[in-house]
Amino acid sequence: MLSPTLVISVSCVYLLALFAIAHYGDWRAAQGRSITANPWVYAMSLAVYCTAWTYFGSVGRAASGGIWFLPIYLGPTLAMVLGWLVLRKMIRIAKTYRITSIADFIGSRYGKSPLLAGLVTMIAYIALQLKAVSAGYGLLTTAQDAGLTVQPHWVQDSTFYMALALAGFTMVFGARHLDSAERHEGLVAAIALESVVKLIAFLAVGLFVVYGMFNGLADVFTRAHAVPELAKLIRLEQSGSFAWTQWFALTLLSMLSVIFLPRQFQVMVVENVRESHLRRAVWVFPLYLLAINLFVLPIAVAGLLYFQGTQVNADNFVLLLPLAAGQPALALFAFIGGLSAATGMVIVETIAVSTMVCNELVMPLLLRTAHFKSEAGHDLTRVLLSIR
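For the sequence shown, our numbering begins at 3 and goes up steadily by one.
Written out as structure tokens, the structure is:
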């Protein structure tokens, strides 16, 4: 168990570092020396796709379904490698018509349908990310049996304060100004840094679990093979025959998600500085997905072996295994990685959804009122910023 003061202090220092990076990125952009005009920054920002579900939930999914966590990442890989021409076309269209959201993009292709745009606007699962951070904080700072958590009062719930901090970050670096292209260069720089942090943290946990708590991958899977309940997790066919149809459906859905999720469209299309950056992202992003998933199944199997006979939530293995092995520093680093995964998604998704809600739902309604009709031709910048 770690001191709450220590966990909060380290988290605050990390978030302040993100603030500094974002501020520096905005300052460089104002000086005409953009740090996001770099293909590596662009490619790493696409890893906002890997949320807290990737960081914590993939291990839990692997602990119950074996390799069935993979389609979520095979889809984006195939989309980038096979569909990069489509992505390039989307970037060109967005730049030409100054499209600032996926709702605007889809709506413009189908006659600016408010209904269609409104439906796309609703895609978000922000609360899940906040709860993942809250659960991780609880695991690190409270002595709990088998990783079970108790729901605190909202005043004591770290989720509430995390939401406030992220709201402040989003308002300062995401909605404090209006740009015809809706680009947020400081924010993208911070997201790229978060992508690096969560990858290093997850790999560090994986390497420690496999080579520190066990004697390598062969040892992990050999021990699992000796346990009938675990042996099925490392086989392709887990119930007599492989469900190819379901595998294909999940892969197809994930291919579409990397294009149509609001946060992905935001970083891949809206935040794109140069079309040529896509060529780097086509191979860097798939490699990133491969790297962050290398130890998912080994961690899941190792956790099931280590906590065999106890009731432990497999989603928490990334934090619980270092804690159980007496490595609180690694557990804290793993928490910071999970914090990066969650905050990156929340910030970008919030900006993307707020832009869509403002442009596609709220403003069309306000412009029908008598007051705003009388303001036709006037500057509505302050109104737009207030809505967002």
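By construction, the Cβ of each residue, glycine as well, lies at the ideal position given by its N, Cα and C atoms.
message = Quick check for students: name the residue ranges of the alpha helix (DSSP H) that lie wholly in the region 240 to 277, counting only runs of 4 or more.
response = 246 to 262, 264 to 267
Counted within 10 angstroms of its Cβ, other Cβ atoms place aspartate 147 as buried (16 or more) or exposed = Because the pLDDT at aspartate 147 is just 48, under 50, the model does not fix this residue reliably, and the value given afterwards should be weighed accordingly. Aspartate 147 should be labelled exposed.
query = Ends of the alpha helix (DSSP H) at glycine 339?
reply = 330 to 358
request  = Take phenylalanine 287 as the anchor and find which of Val260, Tyr308, Pro264 has the nearest alpha-carbon.
outcome  = Val260
query = By Cβ distance, which residues of its chain are closer than 7 Å to valine 198, with the 5 residues on each side in sequence left out?
reply = Met46
inquiry  = Less than 6 Å separating the Cβ of methionine 92 from some heavy atom of the ligand GDP?
reply    = What this structure holds is no ligand at all, so the ligand GDP is not there to describe.
task = Excluding the 5 residues preceding and the 5 following asparagine 295 in the sequence, name in chain order all residues of the same chain whose CB lies nearer than 6 Å to its CB.
result = Tyr75
CB contact below 7 Å: arginine 370 versus chain D = The structure shown contains no chain D, having only a single protein chain.
request  = Please confirm whether threonine 143 and valine 9 have their CB atoms less than 7 Å apart.
outcome  = yes
query = What is the residue span of the alpha helix (DSSP H) that valine 9 lies within?
reply = 6 to 32
task = In angstroms with no decimal places, state the Cα-to-Cα distance between leucine 306 and glutamine 329.
result = 19 Å
query = Tell me which same chain residues have a C-beta within less than 6 Å of the C-beta of phenylalanine 82, skipping the five on either side of it?
reply = With the sequence shown as reference, residue 82 is identified as methionine, and phenylalanine is not the correct amino acid for it. Result list for methionine 82: Val284, Phe287, Pro288, in chain order.
ask   = Whole-angstrom Cβ separation of phenylalanine 262 and isoleucine 23, contact assumed at under 8 Å?
value = 28 Å between Cβ atoms; not a contact.
ask   = Quick one: what's got a C-beta closer than 7 Å to alanine 326's C-beta in the same chain, skipping five residues either side?
value = Tyr308
Sequence-distant residues of its chain with Cβ nearer than 7 Å to arginine 370 (five each side left out) = none
query = How long is the line joining the alpha carbons of glutamate 277 and arginine 94, rounded to whole angstroms?
reply = 8 Å
message = My output table needs one value for serine 36: the three-state DSSP class, helix, strand or coil.
response = coil
request  = Using the Cα positions of aspartate 106 and tryptophan 246, report the straight-line distance between them to the nearest angstrom.
outcome  = 35 Å
query = Any idea what DSSP makes of phenylalanine 216, helix, strand or coil?
reply = coil
ask   = How many Å lie between serine 342 and valine 135 at the Cα?
value = 9 Å
key: glycine 68 classed as buried or exposed, judged by whether at least 16 other C-beta atoms fall within 10 angstroms   = buried
ask   = Between threonine 38 and glutamate 196, which are expected to be in contact by the criterion C-beta below 8 Å, what is the C-beta distance as a whole number of angstroms?
value = That pair is no contact at about 14 Å.
key: For leucine 296, three-class secondary structure by DSSP   = coil
query = Leaving out the 5 sequence neighbours to the left and right, which residues in its chain are closer than 8 Å to isoleucine 101 when beta-carbon positions are compared?
reply = Ile95, Phe107, Ser110, Val271, Val272
task = Please state if the CB of phenylalanine 319 and the CB of valine 2 are separated by a distance shorter than 7 Å.
result = What is shown of the chain runs 3 to 390, which leaves residue 2 out entirely.
key: Distance, valine 355 Cα to leucine 368 Cα   = 18 Å
task = Report the rounded CA-to-CA distance for methionine 347 versus leucine 141, giving the unit in angstroms.
result = 22 Å
key: Secondary structure, alpha helix (DSSP H): runs of 4+ residues fully inside the region 84 to 108   = 86 to 99
query = How would you call alanine 191, buried or exposed, if buried means at least 16 neighbouring beta carbons within 10 angstroms?
reply = buried
inquiry  = Contact defined as beta carbons within less than 8 Å: I believe alanine 54 pairs with glutamine 131. What is the distance between those atoms, to the nearest angstrom?
reply    = 5 Å
task = Using the Cα positions of tryptophan 42 and valine 229, report the straight-line distance between them to the nearest angstrom.
result = 43 Å
ask   = threonine 144 by DSSP, collapsed to three states: which one?
value = coil
ask   = Applying the criterion that 16 or more other CB atoms from any shown protein chain within 10 Å of the CB defines a buried residue, is alanine 31 buried or exposed?
value = buried
message = For glutamine 33, count the other beta carbons within 10 Å of its own beta carbon; 16 or more makes it buried, fewer makes it exposed. Which is it?
response = exposed
ask   = Where does threonine 312 fall in DSSP's three states?
value = coil
ask   = Should glutamine 248 go down as buried or exposed, given a rule of 16 or more other Cβ atoms within 10 Å for buried?
value = exposed
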